[in-house]
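**Student:** Residue numbers (UniProt numbering): 1 to 71. Here it is, the structure in full.
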């Protein structure tokens with residue numbers, strides 16, 4: 001599978017693209033983005049993607065309100 005997560009620096013230093021593959025930590029920006037889908041810890045990956053879901057929703061709502069006010 002091809003994992004194209006959020007990448008802040010593209011060097012693996014930030015950890016944003018961290019994924020567990022075959023029980024080992026990998027970084028999609030330097031080790032991927034292609035991995036064996038049978039080896040990916042999908043539960044962990046999906047949990048990491050949900051960490052900032054509330055903040056993302058608030059930011060989107062704020063942006064939409066600002067756009068509506070200016071148009």
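Glycine residues also receive a C-beta, built at the ideal position from the N, C-alpha and C atoms. Since we're looking at a predicted model, the values are computed, not measured.
Mind listing, in chain order, the continuous beta strand (DSSP E) runs of no fewer than 3 residues lying wholly within the stretch 1 to 58?
**Tutor:** If we require 3 residues or more, the beta strand (DSSP E) runs fully inside the stretch 1 to 58 come out as 18 to 21, 24 to 27.
**Student:** Give the single residue among 26, 21, 22 whose Cα lies nearest to the Cα of residue 14.
**Tutor:** The shortest Cα separation from residue 14 among 26, 21, 22 belongs to 26.
**Student:** In angstroms with no decimal places, state the Cα-to-Cα distance between residue 33 and residue 57.
**Tutor:** For residue 33 and residue 57, the distance between alpha carbons rounds to 26 angstroms.
**Student:** Taking the alpha-carbon of residue 30 as reference, which of 10, 62, 67 has the nearest alpha-carbon?
**Tutor:** Closest option to residue 30, Cα to Cα, is 10.
**Student:** Do residue 53 and residue 19 have their C-beta atoms closer together than 8 angstroms?
**Tutor:** Not in contact: residue 53 and residue 19 (Cβ atoms no closer than 8 angstroms).
**Student:** Considering Cα atoms alone, identify which of 42, 24, 23, 8 is closest to residue 2.
**Tutor:** The shortest C-alpha separation from residue 2 is found at 42.
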